[in-house]
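**Student:** Sharing a structure below in structure tokens format, with a few things to ask.
Protein chains: 2
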Amino acid sequence: MEWINKSRILIVGLGLMGGSYARALKRIGYHVSAIDKSEASIDYALKNGVIDEGSTDADRELISKADTIIFALYPAIIVDWIKQNQSDFKSGIMLTDVTGIKGNIVYKIQEVLRDDVEFIAAHPMAGREVCGVENSDERIFRDANFIVVPTERNTDKAIKWCSNLGGILGCRKVSVLTPEEHDKMIAYVSQLTHCIAVSLMTCNDNEKLVDYTGDSFRDLTRIARINENMWSELFLMNKDALLFQMDAFIDELASLRDNIRNEDVEALKEKMRLSTKRREKFINP
Amino acid sequence: MEWINKSRILIVGLGLMGGSYARALKRIGYHVSAIDKSEASIDYALKNGVIDEGSTDADRELISKADTIIFALYPAIIVDWIKQNQSDFKSGIMLTDVTGIKGNIVYKIQEVLRDDVEFIAAHPMAGREVCGVENSDERIFRDANFIVVPTERNTDKAIKWCSNLGGILGCRKVSVLTPEEHDKMIAYVSQLTHCIAVSLMTCNDNEKLVDYTGDSFRDLTRIARINENMWSELFLMNKDALLFQMDAFIDELASLRDNIRNEDVEALKEKMRLSTKRREKFINP
């Protein structure tokens, strides 16, 4: 594999995801460096063997030596970082990211990027309810789906390279979607679910819940513990697709509510039969 | 414990919950009999040692020998069953149930019940996404909450007896709530969550989801596989409390949607901070 020969990987943004990439890639034998504005994060990662080298600013030497750069920054700042630092990129390198939305950043990155390097977007569908490199863990990739998100500007070589990366990280399944397909899907399976979990937690202030609840409430609110800075960015950068899914869900739930209000038992049962069928297909495809 | 001396327990309705009660109680040494209209269920339970005796009709001998009767029937038919069979009850026995709603049945049962026996309602917050005695499992009570739901007609002795029952089954925590408190709570932590899971599954027909999704969608739809006959009864029998919680949730989610539409980042973050705080308190009370 060509990938294996590219030995120096630079991770920009060393939080939960950046740290997890670093751990997974370093264990396989890559030289991993990182840039993060937090001195505590870089210190922790160096002390604990998460990275080989690190810097709290855009160190020109680290950047110019990198054969691969992985952006694990908050989405809104990736484009500016590239604009400011791409003059130091080695020619021919591959760049990728971990961002949860695509349409709103991939085209912008490819628009400003030097012609002699290539950016191929990726989204590892993995995470934890906690943040920071201290909580990073390469095991988050086990059983995770990895989505490669090429545009028309990307080469087949880059798509293959990025698919390999997903496998190297240990992801269960690698798929390829366009930015538009990705954002529509993610609005439904990830962003809408987080909006639901947050609203379920905030719509009632009963503090003694833990004494009474079964597993269902616990499951539905696991992701209600949420990084508000990152997710508010993600929601707004995928605004149209998310609003569409939120409206579809609210309409569906309002229709179920009306079935209950009108005691329309047949309509109620029909919805439950459909959800049962789909859920069964989902777990046993 | 007085309970231990009462040796013959009759379970009416031998499905998932009835079967799980039977297994838990028989293992401790009680004589457990069951009545269920399904011959397959009674046969299975006898062959597999889930019960000591069983009948597919309201066997007068089984009924008249019982020191305790536990109703694990669908809620709508309990009152009629009691009316038809209570002339065979032994004097002084204790009756209880496992039903997920209370206000709409407890008062009716106590209204029609003979004066020399006592019915004390209970709700074990345990279950599985499958039904039938074949899937019954006494381990569902581990870590489960058990709620005793007395009315003003109940004696302290019955409340204590029923609390003991929760402990004997192996439940983690036993609480006492009024029927009204119970139904309001259950509308939120259980019924609303099931409505959300169903609607999340039915509002979008993307069949390739499994290739892309992370854990959040999987968690939020676990309970979308649902027994439509039982749950439509439960929803309608707790209609007012459930509609109240559904409206509150829909309003909250619509408000989050409006924050996203208007790009009101501060309001968005405020909701996420509140949900994070509440979720943390929920897991570490």
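In order, the protein sequences belong to chains A and B.
Take 1 as the starting number for the first sequence in our numbering and just add one per residue.
Take 1 as the starting number for the second sequence in our numbering and just add one per residue.
Each residue gets a CB set at the ideal place from its N, CA and C atoms; glycine is no exception.
1) Assign Q325(A) to buried or exposed, taking buried as 16 or more other Cβ atoms, counted over all protein chains shown, within 10 Å of its Cβ.
2) Here's a check: name, in chain order, each residue in its chain whose Cβ is nearer than 8 Å to the Cβ of I70(B), leaving out the five neighbours to either side.
3) Among all the DSSP beta bridges, which residues are the ones paired with T96(A)?
4) If you follow the beta strand (DSSP E) that P124(B) is in, where does it begin and where does it stop?
5) Is there a C-beta anywhere in chain A that falls below 8 Å from the one on F244(B)?
6) Which residue wins for smallest C-alpha separation from I140(A), given the options V149(A), D115(A) and C171(A)?
7) Using a Cβ-Cβ cutoff of less than 7 Å, which residues in the same chain neighbour H194(B) once the five nearest sequence positions on both sides are dropped?
8) Measuring straight from C-alpha to C-alpha, what distance separates R153(A) and R114(A)?
9) Tell me whether the beta-carbon of S33(A) lies closer than 8 Å to the beta-carbon of D52(A).
10) Which value, in whole angstroms, describes the spacing of the CA atoms of D116(B) and N104(B)?
11) According to DSSP, is M1(B) helix, strand or coil?
12) Have a look at N262(A), R261(A) and L256(A) and flag the residue whose alpha-carbon is nearest the alpha-carbon of R273(A).
13) Per DSSP, what kind of secondary structure is G167(B) in: helix, strand or coil?
14) Given that a residue counts as buried once 16 or more other Cβ atoms are within 10 Å of its Cβ, and exposed if not, what is V106(A)?
15) Can you tell me the Cβ-Cβ gap for V252(B) and T202(A), rounded? I've got them flagged as a contact below 8 Å.
16) In whole angstroms, give me the CA-to-CA distance for R218(B) and R128(A).
17) Is there at least one Cβ from chain B nearer than 8 Å to A76(A)'s Cβ?
18) Output, in chain order, the set of chain A residues within a Cβ distance shorter than 7 Å of F141(B).
19) Between G299(A) and chain B, is there a C-beta pair that is closer than 8 Å?
20) Can you give the beta carbon distance from E263(B) to L192(A), rounded, assuming they're within the 8 Å contact cut?
21) Which residues, in order along the region 157–175 of chain A, keep a beta-carbon less than 8 Å from a beta-carbon of chain B?
22) How should V133(B) be labelled, buried or exposed, when 16 other C-beta atoms within 10 angstroms of its C-beta is the threshold for buried?
23) Can you list, in chain order, the residues of the region 206–226 of chain B whose Cβ is nearer than 9 Å to any Cβ on chain A?
24) Under 8 Å by Cβ, that's how I've got I260(B) and L242(A) pegged, so tell me the actual separation to the nearest angstrom.
25) Quick check on DSSP: helix, strand or coil for L268(B)?
26) From the beta carbon of C195(A), is the nearest beta carbon of chain B less than 8 Å away?
27) So which residues of chain B does D20(A) contact, with C-beta pairs closer than 9 Å?
28) Just to confirm the assignment, what range does the beta strand (DSSP E) spanning R142(A) have?
29) Give the straight-line distance between the Cα atoms of T178(A) and P150(A), rounded to the nearest whole angstrom.
30) Can you tell me whether V112(A) is buried or exposed, with buried defined as 16 or more other CB within 10 angstroms of its CB?
31) From the DSSP secondary-structure annotation, give me the bridge partner or partners of E263(B).
32) DSSP on V50(A), reduced to helix/strand/coil?
**Tutor:** Per the coordinate set shown:
1) Only positions 1 to 285 of chain A appear in this structure, which leaves residue 325(A) out of reach.
2) Position 70 of the second sequence, counted from the start, is the residue given in the question as residue 70(B). I9, L10, I11, V12, G18, Y21, L95, T96, D97 and V98.
3) For this step, residue 96(A) is matched to residue 96 along the first sequence. DSSP, once it has assigned bridges, lists I70(A) as partnering T96(A).
4) As a position in the second sequence, residue 124(B) is number 124, starting the count at 1. Taken as a continuous stretch (DSSP letters only), the beta strand (DSSP E) holding P124(B) covers A121 to M125.
5) Position 244 of the second sequence, counted from the start, is the residue given in the question as residue 244(B). Taking Cβ atoms only, chain A never reaches closer than 8 Å to F244(B), which makes this a no.
6) Here residue 140(A) corresponds to residue number 140 of the first sequence, with the count starting at 1. Here the closest residue by C-alpha is C171(A).
7) Residue numbering aside, residue 194(B) sits at position 194 when the second sequence is read from its first letter. Correct list, in chain order: I223, I226 and W231.
8) Taking the first sequence and counting its residues from 1, the one referred to as residue 153(A) is at position 153. Taking the first sequence and counting its residues from 1, the one referred to as residue 114(A) is at position 114. For R153(A) and R114(A), the distance between alpha carbons rounds to 13 Å.
9) For the purposes of this step, residue 33(A) is identified with residue 33 of the first sequence, where counting begins at 1. For the purposes of this step, residue 52(A) is identified with residue 52 of the first sequence, where counting begins at 1. In this structure, D52(A) lies closer than 8 Å to S33(A) by Cβ.
10) Taking the first residue of the second sequence as position 1, residue 116(B) is located at position 116. Taking the first residue of the second sequence as position 1, residue 104(B) is located at position 104. Rounded to the nearest angstrom, the two C-alpha atoms are 23 Å apart.
11) Translated into positions along the second sequence, residue 1(B) becomes position 1. For M1(B), the predicted structure reports a pLDDT of 44, less than 50, and the residue's modelled location is therefore unreliable. The matter cannot be settled from this model.
12) Along the first sequence, read from residue 1 onward, the residue named residue 273(A) stands at position 273. Comparing Cα positions, the closest option is L256(A).
13) Here residue 167(B) corresponds to residue number 167 of the second sequence, with the count starting at 1. G167(B) falls in the helix class under three-state DSSP.
14) Your numbering for residue 106(A) matches position 106 in the first sequence. Counting Cβ neighbours within 10 Å, V106(A) comes out buried, since at least 16 surround it.
15) Within the second sequence, residue 252(B) is the residue found at index 252, counting from 1. Within the first sequence, residue 202(A) is the residue found at index 202, counting from 1. Here residue 252(B) is Glu; the residue named in the question, Val, does not match the sequence. Rounded, the Cβ-Cβ distance is 6 Å, consistent with contact.
16) In the second sequence, residue 218(B) corresponds to position 218, counting from 1. In the first sequence, residue 128(A) corresponds to position 128, counting from 1. Straight-line Cα distance between these residues: approximately 14 Å.
17) Position 76 of the first sequence, counted from the first residue, corresponds to residue 76(A). With 8 Å as the cut-off, A76(A) does not count as an interface residue toward chain B.
18) Residue 141(B) sits at position 141 when you count from the first residue of the second sequence. Result: empty, since nearest Cβ-Cβ is about 11 Å, beyond 7 Å.
19) The first residue shown for chain A is 1 and the last is 285, placing residue 299(A) beyond what the model contains.
20) To locate residue 263(B), count along the second sequence from 1; it is residue 263. To locate residue 192(A), count along the first sequence from 1; it is residue 192. Wrong, their Cβ atoms sit about 18 Å apart, outside the cutoff.
21) K173 and S175
22) Position 133 of the second sequence, counted from the start, is the residue given in the question as residue 133(B). Counting Cβ neighbours within 10 Å, V133(B) comes out buried, since at least 16 surround it.
23) N206, E207, K208, L209, V210, D211, Y212, T213, G214, D215, S216, F217, R218, D219, L220, T221, R222, I223, A224, R225 and I226
24) For the purposes of this step, residue 260(B) is taken as the residue at position 260 of the second sequence. For the purposes of this step, residue 242(A) is taken as the residue at position 242 of the first sequence. At roughly 6 Å, the Cβ-Cβ gap stays under 8 Å, so I260(B) and L242(A) are in contact.
25) Counting from one through the second sequence, the residue named residue 268(B) turns up at place 268. Correct three-state label for L268(B): helix.
26) Taking the first sequence and counting its residues from 1, one reaches residue 195(A) at position 195. By this cut-off, C195(A) is an interface position.
27) To locate residue 20(A), count along the first sequence from 1; it is residue 20. Correcting the residue type first, residue 20(A) is Ser in the shown sequence and not Asp. Going along chain B, no residue has its Cβ under 9 Å from S20(A), so there is no contact; the nearest lies around 14 Å.
28) Taking the first residue of the first sequence as 1, we reach residue 142(A) at position 142. Careful: R142(A) lies outside any beta strand (DSSP E) and carries neither H nor E.
29) Within the first sequence, the letter at position 178 stands for residue 178(A). Within the first sequence, the letter at position 150 stands for residue 150(A). Approximately 6 Å between the Cα atoms of the pair.
30) Residue mapping note: residue 112(A) aligns to position 112 of the first sequence, counting from 1. So V112(A) ends up on the exposed side.
31) Working through the second sequence from its first residue, we reach residue 263(B) at position 263. Bridge partners of E263(B): none, in fact.
32) Reading the first sequence from its first residue, position 50 is the one you call residue 50(A). It is coil, neither helix nor strand.
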